[in-house]
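Residue numbers (the numbering used here), protein chains in the order written: chain A, 1 to 190; chain B, 1001 to 1187.
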Amino acid sequence: MLDERIELLISRELDGELNADERMELDKAILRDPEVREVLDKSRRIDELAGVGLGVQITATTEPVELPSQPLRSHHSSSWWLPASVAAAIMVAAFLGLFTQKGGGDRLAVNPSGVSPILPDIVNQPLSPRENGPIRQVGSRDGMMNGRRDSGVFTILGEDGNLYLIQIDRVQAVQKTPTSRLVHASYGDL
Amino acid sequence: MTRSDIFDSDLPVVEAIANGDRFAFQELTRRHGEWVRAVIFGVLGDAERIDDVAQQVWTNVWERIDRLRDLSRWRPWLYRMAYNAAIDAGRDVSRRRKAAEALSNGPCERVAPHAPGEELDRAEKVEQVTNAVKGLPALYREPFVLRHLQGWGYREISEVMGIPVDTVETRLVRARRMLREKLNGHI
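In structure tokens:
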């Protein structure tokens, strides 16, 4: 039966938590008592095999996490929403300015499906950053535009390099006239 | 230096989740799904139920994050969600029976009887050790699994589990002692 102190040192050695003094203490114990070396080797072997076996147990099946399809609940207001909102407003201004110059008012028209043709593909696909390649969301703000908790505004960086501001209503489709100054989309499954 | 002393690169992700960002949620599951699974396994000692319990954990995270007052404490909070979900999942007769067997500290049932010194191939040894770990009391199995699957140090385990570093260390020492005793003559 090993001394508890030696057992502790062996455990620290295996976990890489041994300091210089403790290493010297363990080395002396190993020289003094062959059982210490035997226990150290055995514990190291068990650790190694456990690492292999547990890895298989944990990672054998990796199911994607499925979120409930119910509407989002009310969430925290965190400290970054204000600068994010300001940044989003600036980006909207730049975005709309771009369309005004191009005479692109008609391009903002919402098609019968309720999705503007200028929206990136992300609006018609599951929300997965992996699947949408370079398209990524750069900001969001729940209820920013109309104060409703069940809607949100997302700023999306499209793969064409343009920034898109998308208002998403989680309850009903939002149809806006072509003169609307926002792009609206509806996610039925959000 | 503790984890909380340095910038927590996951905190903006957690804040985004608190604002209902599904992208951020998927990112958090990608970054931390493995140790959550490790916690579940550590508590249950049953790999077959990990998927179901993990799904429940992440659903709870999504639904209850608005109850987390201090978002910087998200890690212990997530640990607690995983721990509680695993405990709930383990509340049935068979789980209690297994726990009682483990607490009796007897030899693990699923370790095949081999004569001392008999050479086993590596796969068999891995299975034996894994079964022996499953047979540990959850108290000792949990830090052992986190240490071996995540490579976490004592301090990281301590912070996540919310127990003193000395306690983590003691539990690891005891877990190793129990494993040596269970596997005596097999390894």
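Here a beta-carbon is modelled for each residue, glycine too, at the ideal position from N, C-alpha and C. Computed from a predicted structure; not experimentally measured.
(Q) Would you say Y1154 of chain B lies against chain A (beta-carbon separation less than 9 Å)? (A) Yes, its Cβ sits closer than 9 Å to a Cβ of chain A.
Q. DSSP on M24 of chain A, reduced to helix/strand/coil?
A. Looking at M24 of chain A - three-state DSSP - the assignment turns out to be helix.
Q.
Are the CB atoms of L9 of chain A and L26 of chain A within a distance shorter than 9 Å?
A. Yes.
Q: Measure the C-alpha to C-alpha separation of D41 of chain A and L1183 of chain B and round it to an integer number of angstroms.
A: Whole-angstrom Cα-Cα distance: 13 Å.
Q. In chain A, which residues lie less than 7 Å from G1183 of chain B when you measure between Cβ atoms?
A. The amino acid at residue 1183 of chain B is misidentified as Gly; the sequence shows Leu. The contacting residues are I46.
Q.
Just checking: is the beta-carbon of L1139 of chain B within a distance shorter than 9 Å of some beta-carbon in chain A?
A. Chain A, which has no Cβ nearer than 9 Å to the Cβ of L1139 of chain B, makes this no.
Q | Any C-beta of chain A under 9 Å from that of R1110 of chain B | A | The predicted position of R1110 of chain B is uncertain, since its pLDDT is 45 and thus under 50; a value taken from the coordinates is nonetheless stated next. Taking 9 Å as the CB threshold, R1110 of chain B stays off the interface with chain A.
Q: Check whether the Cβ of A50 of chain A lies closer than 9 Å to any Cβ atom in chain B.
A: Yes, A50 of chain A lies at the interface with chain B (some Cβ there is under 9 Å from its Cβ).
Q: Can you give me the start and stop residues for the alpha helix (DSSP H) that M1178 of chain B sits inside?
A: Counting along the chain, the alpha helix (DSSP H) containing M1178 of chain B begins and ends at 1165–1182.
**Q.** Buried or exposed by the 16-neighbour rule on C-beta atoms within 10 Å, applied to C1108 of chain B
**A.** Residue placement at C1108 of chain B cannot be trusted, given a pLDDT of 43 that sits under 50; what the coordinates show is reported in the next sentence. Residue burial is scored here from C-beta neighbours: C1108 of chain B has at least 16 other C-beta atoms within 10 angstroms and is therefore classed as buried.
Q.
At a CB distance below 8 Å, what residues from the segment 1039–1050 of chain B approach chain A? Give them in sequence order.
A. Within the segment 1039–1050 of chain B, the residues whose Cβ lies closer than 8 Å to some Cβ of chain A are F1041, A1047, I1050, listed in chain order.
(Q) Can you pull the chain A neighbours of V1129 of chain B, defined as C-beta to C-beta under 7 Å? (A) The contacting residues are I46, L49, A50, G53.
**Q.** Expected contact under 8 Å - CB spacing of Y1083 of chain B and V1145 of chain B to nearest Å
**A.** That belief does not hold up - the Cβ atoms of Y1083 of chain B and V1145 of chain B are roughly 12 Å apart, past 8 Å.
Q | the segment 1148–1155 of chain B / the segment 1031–1038 of chain B touching (three or more Cβ pairs under 8 Å) | A | At 8 Å Cβ cutoff, the stretches touch.
(Q) Let me see if you follow: with CB-CB separation under 9 Å, is L1078 of chain B close to chain A or not? (A) At a cut-off of 9 Å between C-beta atoms, L1078 of chain B does not count as an interface residue with respect to chain A.
Q.
In whole angstroms, give me the CA-to-CA distance for I191 of chain A and A1018 of chain B.
A. Nothing can be reported for residue 191 of chain A: it is not among the residues displayed for chain A, which extend from 1 to 190.
Q) By Cβ distance, which residues of its chain are closer than 6 Å to F1023 of chain B, with the 5 residues on each side in sequence left out? A) In its chain, beyond the 5 residues on either side, no residue has a beta carbon closer than 6 Å to the beta carbon of F1023 of chain B.
Q.
Under 8 Å, with one C-beta from each stretch per pair, do the segment 1124–1133 of chain B and the segment 48–61 of chain A reach the 3-pair mark?
A. In this structure the segment 1124–1133 of chain B touches the segment 48–61 of chain A; the number of beta carbon pairs closer than 8 Å is three or more.
Q.
Tell me which residue opens and which closes the alpha helix (DSSP H) that E1142 of chain B is part of.
A. If you look at E1142 of chain B, you'll find it in the alpha helix (DSSP H) that goes 1138–1150.
(Q) Looking only at its chain, what residues have a beta carbon closer than 7 Å to the beta carbon of R37 of chain A, apart from the 5 residues adjacent to it on each side? (A) Sequence-distant Cβ neighbours of R37 of chain A in its own chain, meaning closer than 7 Å and more than five residues away, are I30.
Q: May I ask which residues mark the beginning and end of the alpha helix (DSSP H) holding A1086 of chain B?
A: For A1086 of chain B, the uninterrupted alpha helix (DSSP H) run begins and ends at 1074–1089, by DSSP.
Q) Excluding sequence positions up to five away, which residues of its chain have a Cβ less than 7 Å from the Cβ of R44 of chain A? A) L14, listed in sequence order.
Q. How is the alpha helix (DSSP H) around A1038 of chain B delimited, first residue to last?
A. Boundaries of the alpha helix (DSSP H) around A1038 of chain B: 1022–1044.
Q.
Can you check whether the C-beta of L18 of chain A is within less than 9 Å of a C-beta belonging to chain B?
A. So no, L18 of chain A is outside the interface.
Q) Can L49 of chain A and R1141 of chain B be called in contact, C-beta distance under 9 Å? A) In this structure, R1141 of chain B does not lie closer than 9 Å to L49 of chain A by Cβ.
(Q) Can you check whether the C-beta of D15 of chain A is within less than 9 Å of a C-beta belonging to chain B? (A) So, interface residue.
**Q.** N1019 of chain B (DSSP reduced to helix, strand or coil)
**A.** Reduced to three states, the DSSP call for N1019 of chain B is coil.
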